[in-house]
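Taking our numbering, the leading residue of the sequence shown gets 2, the next gets one more, and so forth.
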Amino acid sequence: MTTAPIKLVFGVDGSYSQHLAVTLVSLLENNPDNVFDIVAITLNMGAEDQAKLRGIAEGNPRVSLRFQPFNIDRYSHFRTDNHISHASYLRIFIPEILEDVERVLYLDCDMVVQTDLAPLWASDLAGRTIGAVHNPFFVRHGDLQMSPGADYFNAGVLLLDLGRWRQLNATEHLIRFIEAHHAHLYAHDQDALNAIFEGDITELPPHWNFQTSMLWCEPEGLSMSYRAFRNLLLNPGIIHYTTPSKPWHFLNTHPHKDIYYQYLAKTPYHGFRPRDVSLGSVLRRVARWPLVAFRDRLPAAYYPTRRAFRQLKGGRLALTAQESRP
């Protein structure tokens, strides 16, 4: 519970208004005792969508919500790919947009918040600029001129010390890095944030940013016990639907996909239906059903089975490698 407001920031393209609505509804439903000062930094968001989003917070004395449009024209040359628009880069301009604010919590819009955010807001950054959650499977240190083995973090949930950020003139450094390393920024501003703030990021528990890639991890990859990992899979605090496949896609098979639709039903966008439905997508979904059903209906059996299979496969590969040596 907080009495002073949690200063919360979103960066959102107008095409993601529906998904921001889901995030807001889940946030407010699961934080009934917290006070929020929310700023949505927007690109191309129309008045109708803004009105729908305002309606979610309207009448709630614990919540203020305002929209701050941002002109991205100066940075239209920044790299974008697939499902990543220029809205992703809005994160790096937060310190200048909110020039009188010292600390904020930034969230992406492809999320569901299932827990009280007060402990996250109170997290100790230990004198560092950013608090963030580890991003699994990163191997491109050389591309980003990062030290070999340096930690790499996901930028979907960021606890930011804006005062320290400004002292470091970090936005200018980020812009220069983005322009100089355009070809290698496969994760866009997230890559730049990791490169510029290497060694200046405090690691937060995976509970605060459960990424889709974590579904493919083993506990050791997240420095967790198997029991803690299973608890994380079943009940993450913030579900972050990373990767291009999203729960609003018909073919998406995320185990927490239904949670997105549970909150969507409570928004002004409740009439939404996936647009990628076709005979081909139906057949592909049917083909995937047995494995998905095993995972979602019998998780207590699925995850140990998967783990045992991977260990067996790893042992066989190691044995094959030994046998192939001269």
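Glycine included, each C-beta is placed from N, C-alpha and C at the ideal position.
Sequence-distant residues of the same chain with beta carbon closer than 7 Å to residue i, five excluded per side
{"i": "Arg80", "result": "His183, Leu186 and His189"}
{"i": "Ile240", "result": "Met112, Val113, Gln115, Phe211, His257 and Ile260"}
Sequence-distant residues of the same chain with beta carbon closer than 8 Å to residue i, five excluded per side
{"i": "Gly150", "result": "His142"}
{"i": "His174", "result": "Ile197"}
{"i": "Ala229", "result": "Pro220"}
{"i": "Phe273", "result": "Gln19, Trp249 and Leu265"}
{"i": "His135", "result": "Asp152, Tyr153, Phe154, Asn155, Glu204, Pro207 and Leu223"}
{"i": "Asp82", "result": "Tyr187 and His189"}
6 Å Cβ shell around residue i - same chain, five flanking residues per side excluded
{"i": "Ser246", "result": "Asn253"}
{"i": "Ala41", "result": "Phe11, Val13 and Phe68"}
{"i": "Glu103", "result": "Leu163 and Gly164"}
{"i": "Asp277", "result": "His250 and Phe251"}
{"i": "Ala58", "result": "Val64 and Leu66"}
Classification of residue i by the beta-carbon crowding that lies within 10 angstroms, buried from 16 upward
{"i": "His271", "result": "exposed"}
{"i": "Leu29", "result": "buried"}
{"i": "Tyr153", "result": "buried"}
{"i": "Trp209", "result": "buried"}
{"i": "Arg289", "result": "exposed"}
{"i": "Leu91", "result": "buried"}
{"i": "Tyr52", "result": "According to the sequence shown, residue 52 is Ala rather than Tyr. Burial call: exposed."}
{"i": "Glu324", "result": "Unreliable placement is indicated for Glu324, whose pLDDT of 47 sits below 50; no coordinate value is reported for it."}
{"i": "His78", "result": "exposed"}
{"i": "Val26", "result": "buried"}
{"i": "Tyr304", "result": "buried"}
{"i": "Trp217", "result": "exposed"}
Option nearest residue i by Cα separation, candidates the options
{"i": "Asp144", "options": "Leu161, Ile179 and Phe310", "result": "Ile179"}
{"i": "Asp146", "options": "Arg307, Arg167, Pro137 and Asn195", "result": "Reading off the sequence shown, one finds Gln at residue 146, where the question assumed Asp. Nearest of Arg307, Arg167, Pro137 and Asn195 to Gln146, Cα basis: Asn195."}
{"i": "Asn45", "options": "Tyr17, Pro33 and Lys267", "result": "Tyr17"}
{"i": "Gly157", "options": "Pro6, Tyr107 and Ile176", "result": "Tyr107"}
{"i": "Asp109", "options": "Ser89, Arg286 and Phe94", "result": "Ser89"}
{"i": "Pro269", "options": "Arg55, Val293, Gln312 and Met225", "result": "Arg55"}
Whole-number beta carbon distance between residue j and residue i, since they are thought to touch under 8 Å
{"i": "Leu159", "j": "Ala133", "result": "6 Å"}
{"i": "Val113", "j": "Thr243", "result": "Val113 to Thr243, Cβ: 13 Å. No contact."}
{"i": "Leu233", "j": "Phe211", "result": "6 Å"}
{"i": "Leu201", "j": "Arg296", "result": "Leu is not the amino acid found at residue 201; the sequence shown has Asp there. That pair is no contact at about 38 Å."}
### Task
With a floor of 3 residues, list each beta strand (DSSP E) that falls wholly inside the stretch 39-73, ordered by position along the chain.
64-70
### Task
Return the chain-ordered ranges of every alpha helix (DSSP H) run that is complete within the stretch 286-311 and spans a minimum of 4 residues.
Within the stretch 286-311, complete alpha helix (DSSP H) segments of at least 4 residues are not found at all.
### Message
If we require 3 or more residues per run, which beta strand (DSSP E) segments fall completely within the stretch 205-270?
### Response
239-241
### Segments of 3+ residues assigned as beta strand (DSSP E) that fall wholly inside the stretch 91-126
For the stretch 91-126, whole beta strand (DSSP E) runs of length 3 or above, ordered along the chain, are 104-108 and 112-114.
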